[in-house]
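In UniProt numbering, the protein residues as written are 1 to 441.
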């Protein structure tokens with residue numbers, strides 16, 4: 001487990017592309033596996049999480065092949081065609097693929113046992129188990145909600161009309177994926193609309209799926225048992241991965257970078273609006289559509305950031321980007337306050353607690369709340385010099401890699417390995433732009 005040392009070197013300059021969107025990559029493999037025929041995916045993120053999804057779909061009978069960098073071919077088995085795997089499926093660190101695949105299994109007459117690494121085994125699955133049980137699936141899980149767990153899909157799944165208790169695209173998608181092999185109409189209602197990649201992709205594959213706003217809720221209705229047609233997916237760059245570059249270029253004086261081909265789904269772009277609210281200089285260029293998703297190039301120049309206490313967006317549009325936004329707040333001028341972030345406590349780590357500990361270890365003054373954090377910005381460089389425990393969380397590792405570029409003394413990240421789950425080229429890409437990152441054994 002190599003540690004990573006982050007310290008200032010130079011402004012960031014250049015033009016780059018980030019790897020493919022992780023959420024879309026997961027879904028492109030899963031849905032292609034349920035199509036009838038051959039689908040192609042280009043621009044796929046080849047991080048460990050997505051590779052775990054590919055291996056899981058192979059284990060359940062789909063043919064999933066890599067034919068070049070980011071270029072994959074999937075021969076689907078059709079809806080209803082998944083098979084019981086020969087062995088336990090290891091999902092590694094991927095909560096997204098675990099919860100979505102639970103949905104797929106729930107309406108197939110198969111039994112699957114799933115496990116994962118220490119981090120994933122500590123993430124609760126109850127929020128998915130509850131609606132899928134209502135649809136007819138049965139579960140045997142450690143303490144009723146943790147991996148390892150065994151899912152037995154229903155022979156006669158039932159459509160449900162389900163209102164999610166929290167903003168979670170994973171829960172919504174799990175129910176919709178279960179609805180694919182369920183007769184009748186499956187309905188999901190959300191108080192706050194979450195990322196809609198599943199809906200967009202299903203529609204492009206020929207599913208009968210409708211979205212609407214009703215009584216203040218975002219409502220999705222899916223008619224079950226369609227024949228999904230194979231398609232060619234072109235995966236745009238990941239806005240969540242881009243966030244680390246957006247923050248780094250914003251806070252490091254003299255920086256000027258362009259990140260090309262970034263997915264700009266309006267339910268995912270909260271980080272752009274949040275940084276702009278703090279005074280970031282982000283220019284949106286060359287807007288276009290790629291594979292049914294809005295895409296643009298983002299030019300970012302260094303700016304003097306100001307604290308923010310009221311975000312201009314719902315937290316659900318940037319839930320994965322808060323760790324690196326906390327780092328932006330640490331170097332901003334003034335005190336930033338972020339609330340309504342209970343969801344961060346059940347991610348790959350308890351991101352509120354882990355970020356608070358790492359920031360404190362590097363001289364940042366803050367107050368942690370049950371549902372948020374208040375960060376007193378340094379108005380420039382932080383003290384640094386501390387060691388950050390990542391707790392197997394890739395976004396913790398990358399966030400402090402960015403903060404180290406604005407530290408008086410180097411910041412040490414205890415384990416760089418988790419970065420491989422979502423952004424394998426992160427270190428090379430950032431150092432190529434001018435950042436000071438060095439692996440240490």
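Yeah, the Cβ is synthetic: ideal placement off N, Cα and C, and Gly gets one too.
Start and end residues, beta strand (DSSP E) containing residue i
i           : result
residue 76  : 71-77
residue 260 : 256-263
residue 289 : 281-290
residue 182 : First-last for residue 182: undefined, no H or E at that position.
residue 163 : 161-163
residue 223 : 217-223
residue 276 : Note, residue 276: premise wrong, no beta strand (DSSP E); alpha helix (DSSP H) at 270-277.
residue 297 : 293-301
Straight-line Cα distance separating residue j from residue i
i           : j           : result
residue 361 : residue 331 : 15 Å
residue 326 : residue 355 : 8 Å
residue 275 : residue 19  : 21 Å
residue 443 : residue 235 : Residue numbering for the chain in the displayed model covers 1 to 441; residue 443 lies beyond these limits and cannot be assessed.
residue 284 : residue 248 : 17 Å
residue 53  : residue 73  : 14 Å
residue 81  : residue 56  : 14 Å
residue 414 : residue 400 : 11 Å
residue 131 : residue 263 : 30 Å
residue 39  : residue 64  : 10 Å
residue 84  : residue 35  : 18 Å
residue 49  : residue 99  : 13 Å
residue 17  : residue 157 : 43 Å
residue 311 : residue 87  : 46 Å
For residue i, the first and last residue of its enclosing alpha helix (DSSP H)
i           : result
residue 400 : 394-403
residue 212 : Unbroken run through residue 212 is the beta strand (DSSP E), 209-214; no alpha helix (DSSP H).
residue 52  : 48-59
residue 249 : 239-251
residue 417 : No alpha helix (DSSP H) holds residue 417; DSSP gives it neither H nor E.
residue 32  : 22-34
residue 431 : 426-433
residue 199 : 197-204
Beta-carbon spacing of residue i, residue j below 9 Å
i           : j           : result
residue 404 : residue 110 : no
residue 198 : residue 168 : no
residue 348 : residue 419 : no
residue 293 : residue 200 : yes
residue 243 : residue 320 : yes
residue 253 : residue 302 : yes
residue 165 : residue 179 : no
residue 237 : residue 21  : yes
residue 370 : residue 338 : no
residue 90  : residue 122 : no
residue 267 : residue 196 : yes
residue 220 : residue 258 : no
residue 77  : residue 59  : no
residue 316 : residue 342 : no
Counterpart residues of residue i in DSSP-defined beta bridges
i           : result
residue 326 : In the DSSP output, where bridge partners are listed per residue, residue 326 has none listed.
residue 66  : 72
residue 190 : 218
- Message: Report the start-end ranges of each beta strand (DSSP E) in the region 82-158 that is 3 residues or longer and not cut off at the edges.
- Response: 111-115, 138-142, 146-152
- Message: Quick check on the DSSP output: what are the complete alpha helix (DSSP H) runs of length 4 or more inside the region 340-393, in order along the chain?
- Response: Entirely contained in the region 340-393, the alpha helix (DSSP H) runs reaching 4 residues are, in chain order, 351-361.
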